[in-house]
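Some notes on the structure that comes next.
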Amino acid sequence: MHSDDQHYDPQALQVKWQRRWEELDPFRASDDPADPRERRYMLDMFSYPSGDLHMGHAEAFAIGDVVSRYWVQRGYNVLHPVGWDSFGLPAENAAIKNNAHPTEWTYANIETQAGSYRRYAISFDWSSRLHTSDETYYRWTQWLFVRFFERGLAYRKGGLVNWCPKDQTVLANEQVKDGRCERCGTEVVRRELTQWYFKITDYADRLLDDMAQLEGNWPERVLAMQRNWIGRSEGADVDFVIEGRDEPVTVYTTRPDTLYGATFFVVAPDAALAGEIVTDDRREAFEAYRAAVSKLSDIDRLSTDKEKTGVFLGRYAINPVSGERMPVWAADYVLSDYGHGAIMAVPAHDQRDLDFARAFGLPVRVVVHTGLADPGETGVATAGDGAMVNSGPLDGLAKADAIRKIVEVLGERGTGRPTVNFRLRDWLLSRQRFWGCPIPIIHCGDCGEVPVPDEQLPVTLPDLRGEALAPKGVSPLASAEEWVNVSCPKCGGAAKRDTDTMDTFVDSSWYFLRYVNPSYEDGPFDVEGVRRWGPIDQYVGGVEHAVLHLLYSRFFTKVLHDMGMVDFVEPFTRLLNQGQVINQGKAMSKSLGNGIDLGQQIDAYGVDAVRLTVLFAGPPEEDIDWADVSAAASQKFLARAFRVMAEAGAASAPGADVTAGDVDLRRTVHHTVDEVTRLVESHRFNVAVARLMELTSAARKAIDSGPGAADPAVREAAEALAVMLSLVAPYVAEEGWERLGRTGSVALAGWPVADPALLVQDSVTCVVQVAGKVRDRLEVSPEISEIDLEALALNSEKVRSFLSGAPRKIIVRAPKLVNIVP
Ligand code: ANZ
Ligand code: ZN
19 MHSDDQHYDP
29 QALQVKWQRR
39 WEELDPFRAS
49 DDPADPRERR
59 YMLDMFSYPS
69 GDLHMGHAEA
79 FAIGDVVSRY
89 WVQRGYNVLH
99 PVGWDSFGLP
109 AENAAIKNNA
119 HPTEWTYANI
129 ETQAGSYRRY
139 AISFDWSSRL
149 HTSDETYYRW
159 TQWLFVRFFE
169 RGLAYRKGGL
179 VNWCPKDQTV
189 LANEQVKDGR
199 CERCGTEVVR
209 RELTQWYFKI
219 TDYADRLLDD
229 MAQLEGNWPE
239 RVLAMQRNWI
249 GRSEGADVDF
259 VIEGRDEPVT
269 VYTTRPDTLY
279 GATFFVVAPD
289 AALAGEIVTD
299 DRREAFEAYR
309 AAVSKLSDID
319 RLSTDKEKTG
329 VFLGRYAINP
339 VSGERMPVWA
349 ADYVLSDYGH
359 GAIMAVPAHD
369 QRDLDFARAF
379 GLPVRVVVHT
389 GLADPGETGV
399 ATAGDGAMVN
409 SGPLDGLAKA
419 DAIRKIVEVL
429 GERGTGRPTV
439 NFRLRDWLLS
449 RQRFWGCPIP
459 IIHCGDCGEV
469 PVPDEQLPVT
479 LPDLRGEALA
489 PKGVSPLASA
499 EEWVNVSCPK
509 CGGAAKRDTD
519 TMDTFVDSSW
529 YFLRYVNPSY
539 EDGPFDVEGV
549 RRWGPIDQYV
559 GGVEHAVLHL
569 LYSRFFTKVL
579 HDMGMVDFVE
589 PFTRLLNQGQ
599 VINQGKAMSK
609 SLGNGIDLGQ
619 QIDAYGVDAV
629 RLTVLFAGPP
639 EEDIDWADVS
649 AAASQKFLAR
659 AFRVMAEAGA
669 ASAPGADVTA
679 GDVDLRRTVH
689 HTVDEVTRLV
699 ESHRFNVAVA
709 RLMELTSAAR
719 KAIDSGPGAA
729 DPAVREAAEA
739 LAVMLSLVAP
749 YVAEEGWERL
759 GRTGSVALAG
769 WPVADPALLV
779 QDSVTCVVQV
789 AGKVRDRLEV
799 SPEISEIDLE
809 ALALNSEKVR
819 SFLSGAPRKI
829 IVRAPKLVNI
839 VP
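The sequence shown maps to residues 19 to 840 in my numbering.
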């Protein structure tokens with residue numbers, strides 16, 4: 019390219035500048051504790067190496083990159099790391115198909131994506147790079163598991179779990195969407211299995227309470243989803259005597275005020291209690307019912323439109339306040355793992371109880387007078403507030419008072435107490451698949467579950483490939499006998515390794531801590547480094563992780579805080595969820611044939627134009643319909659911007675006295691800088707791009723029909739344009755900067771500063787009214803004081819001609835209005 023060539027060739031710029039950036043390495047964070055610059059940590063949700071980058075990545079990473087590049091321009095010491103969430107099912111499925119090892123597919127895809135990230139000009143600090151499937155990483159995932167185990171936060175238990183018949187593995191509750199496997203869409207079944215869990219429920223309260231720190235900095239929608247998922251419920255435990263059983267049975271209720279309205283009692287069919295109390299003549303019916311229910315998911319069971327089913331257990335419970343006998347039933351709508359797995363049923367005021375009562379002819383008794391029609395007749399339960407009736411000492415009280423009173427009464431008798439319950443369940447983390455982090459536990463007949471000693475970590479995956487990886491209902495690791503059979507670290511006797519691997523969400527629950535120093539050898543992460551860098555200032559990623567990754571990472575952070583390893587309790591100070599890139603109103607999919615290929619877009623329009631298009635399309639949180647945007651138009655704008663920079667560069671040299679430049683253009687430049695600064699800080703990138711387009715037009719006009727390309731203001735405009743544009747379109751900005759005679763990367767040029775003097779408008783028009791009519795207009799300084807403005811107005815010849823003597827009243831609204839009442 020000759021220096022006088024002002025043709026914009028995006029592909030040539032990409033080749034040229036990628037090579038230069040390799041040499042310049044402009045985005046390396048400095049971890050020198052003596053570095054005086056303020057630190058900022060910018061994090062993108064790392065990618066899964068399932069193929070090359072796609073349009074979704076193009077949007078998310080462009081957004082994060084603008085923020086990160088802006089901070090670099092502002093002179094912060096910025097950490098913007100890159101890595102891969104590289105364990106997981108697809109690698110394994112590909113390996114089975116190609117008779118290969120999952121590493122081959124995984125690391126080949128990582129290389130492809132790494133190349134694409136570089137081409138896409140993401141300002142990563144490549145020295146921070148990590149992969150969660152590396153032994154040097156998963157060694158520490160195992161180390162953390164052992165610490166959790168020691169603290170009682172990792173444990174094994176038997177129970178009904180979600181099982182995906184296609185992927186042949188268990189799933190966490192969070193991975194079941196509408197009764198289907200989140201990954202493959204197959205309907206999930208229930209299976210009785212012993213599995214590993216993390217005790218996230220111990221942290222339910224803190225996960226909820228600490229959200230106060232995130233309020234206003236995280237999308238409200240994500241906070242609401244987390245709140246819902248944790249599901250804090252306040253109520254009371256009430257003890258009931260069951261005839262013929264010594265121990266009382268406790269139920270959890272959010273409406274203890276309705277205790278006198280309880281007409282029957284329901285036990286979860288899969289709770290141990292049901293099998294214990296069922297009478298002999300009802301046992302057969304009960305066992306059949308229990309078998310049928312075991313196939314249902316919680317979602318089926320809780321569904322309100324499902325027909326109510328159940329069996330009478332032949333027993334009666336005694337209402338602790340009225341002494342009434344209530345039949346005890348087993349029914350699937352009561353879950354065994356919520357509250358105590360048993361309820362008092364109040365059909366008048368709870369819809370599910372009412373549906374059940376009507377299906378089985380059980381009595382309905384109204385105890386809250388809501389003014390609505392009788393639920394027994396309408397079939398609609400009345401859940402609202404009102405005066406208590408049929409409730410002995412509670413009669414006449416409103417809900418809140420009735421709750422207080424009954425809890426007090428029960429408390430005095432020792433048969434009830436206030437309680438809090440959570441919907442959140444423990445995190446089921448074990449998986450029966452190969453390509454994951456092995457669980458570092460050894461099972462010994464004598465010693466039980468023994469953690470692998472730290473110095474023996476990592477427990478590396480056995481060498482299996484091809485068919486040996488195929489899912490078979492038990493983990494493929496179990497077939498590696500030599501690997502499985504070991505001696506117990508405690509007693510030396512024969513023992514076996516745990517053959518399950520961890521859910522990949524374990525790997526991603528702490529990666530952001532490792533990034534600070536990814537080759538750290540003395541622990542999972544550099545505690546001092548994290549102290550310097552953490553918590554993450556800005557996190558960018560998809561809303562699909564609202565209750566998975568984000569909840570798990572918050573949990574891990576709190577545990578690490580309790581271990582004294584991090585000094586914050588919330589890992590992500592600010593969160594931004596980008597929208598989706600769709601096409602023609604629909605999500606892109608193979609079956610619809612509406613997919614847009616990122617590589618093809620880049621080949622056609624260049625990286626800069628694609629980045630600019632996704633950023634210009636709208637606010638970052640909103641979806642982008644590719645049918646509504648124009649990468650071609652973005653490319654045209656970039657060509658115009660490039661010509662402005664090239665022509666200014668050809669016409670003048672750096673370092674000219676800008677104050678001699680055209681004042682109108684200078685004003686535009688400084689207003690643009692001022693506005694773009696605020697727009698970038700508030701993440702309104704689309705409007706910021708629009709301002710850069712206006713600045714480009716203003717400079718063009720100054721060159722063509724104003725003071726000309728050599729005017730210092732044109733240079734000032736072109737230089738400001740190059741720096742601001744570098745956030746969005748790094749290639750053209752670099753080339754423009756070089757054409758302007760500047761050296762070094764434009765990414766480090768420093769953010770322009772708006773001169774306040776040039777932001778001030780010279781004068782504004784002030785209207786002067788006398789008796790409500792406009793009598794004069796004055797050109798005044800926008801800074802004028804009220805006293806000066808009043809004096810000026812009273813001095814006006816025109817105004818004086820309408821006044822005879824001292825006015826009665828003068829209202830001054832500087833600088834725009836003076837209103838005189840004569
Ligand atoms: C009596 C009652 C009367 C209830 C009324 C509600 C309304 P949340 O808010 O979700 O915590 N319940 C308790 N344990 C249950 C279980 N294991 N399976 C299914 N349902 C269960 O809901 C708490 C309410 O759900 C409890 O309050 C109980 O029904 C029911 F007018 O008790 B309630
Ligand atoms: Zn042992």
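Positions of the beta carbon are idealized from the N, C-alpha and C atoms, including for glycine.
Keep in mind the model is a prediction, meaning the values are calculated, not measured.
By DSSP's assignment, E797 forms a beta bridge with T783. When the five nearest sequence neighbours on each side are left out, the beta carbons in the same chain lying within less than 7 Å of the beta carbon of V764 are those of A740, V741, S744, A751, E752, W755, in order along the chain. The shortest C-alpha to C-alpha distance from I600 to any of G679, L610, H567, S670 is the one to L610. Per DSSP, I248 is one residue of the alpha helix (DSSP H) stretching across 238-248. Under DSSP, the beta-bridge partners assigned to Y334 are P345.
Judged by DSSP in its simplified three-state form, W551 adopts helix. In this structure, V545 and N595 do not form a Cβ contact; the two beta carbons are roughly 30 Å apart against a cut-off of 8 Å.
With fewer than 16 neighbouring CB atoms inside 10 Å of its own CB, H25 falls in the exposed class. Residue state for K827 is assigned as strand, using DSSP reduced to three classes.
Sixteen is the threshold: when 16 or more other Cβ atoms of the shown chains lie within 10 Å of the Cβ of R684, as they do, the residue is buried. The region 620-648 is shown to contain no whole beta strand (DSSP E) run of 3 or more residues. Secondary structure at H72: coil, using DSSP grouped into helix, strand and coil.
Proximity of the beta carbon of I361 to the ligand ANZ is indicated: a heavy atom of the ligand is located closer than 7 Å. Proximity of the beta carbon of A418 to the ligand ANZ is not indicated: no heavy atom of the ligand is located closer than 7 Å.
Of H688, R760, L710, the smallest CA-CA separation from A731 is found for H688.
Distances taken from the Cβ of H367 to the heavy atoms of the ligand ANZ include one shorter than 7 Å. L372 has its CB no nearer than 7 Å to any heavy atom of the ligand ANZ. For the pair N813 and A735, the Cα-to-Cα distance works out to about 42 Å.
Taking A659 as reference, the option from A645, G552, R169, A708 with the minimal CA-CA separation is A708. With distances taken between CA atoms, S151 lies nearest to P67 out of L61, S819, L569, P67. Taken from the Cβ of G454, every heavy atom of the ligand ANZ lies 7 Å or farther away. For I828 against V788, the beta-carbon gap comes to about 10 Å, at or over 8 Å, which does not count as contact. Taking all protein chains shown into account, T204 has fewer than 16 neighbouring C-beta atoms within 10 Å of its C-beta and is therefore exposed. Taking C-beta atoms under 8 Å as the contact rule, R169 and K576 fail to qualify, at a distance of about 12 Å. Using a Cβ distance threshold of 8 Å, V269 and G410 do not count as a contacting pair.
Secondary structure within the region 171-229: the alpha helix (DSSP H) runs of 4 or more consecutive residues, fully enclosed, are 222-227 (chain order). The closest CA to that of G724, considering only E737, C784, D682, is found on D682.
Contact between W102 and F64 holds, with the beta-carbon distance rounding to 6 Å and staying under 8 Å. DSSP places Q596 in the coil class of the three-state scheme, outside both helix and strand. Cβ neighbours of H461 within its own chain (closer than 7 Å, five residues either side excluded): E467, A513, K514, D516. Inclusion of L353 in the 7 Å shell around the ligand ANZ follows from its C-beta lying nearer than that to a non-hydrogen atom of the ligand. With a beta-carbon spacing of about 5 Å, E261 and Y334 fall inside the 8 Å limit used to define contacts. By the neighbour-count definition (other C-beta atoms within 10 Å, threshold 16), S670 is a buried residue. Per DSSP, the beta-bridge partners of H387 are A405.
Under DSSP, M362 forms a beta bridge with F283. With respect to the 8 Å criterion, L412 and Y557 are not classified as neighbours on the basis of their beta carbons.
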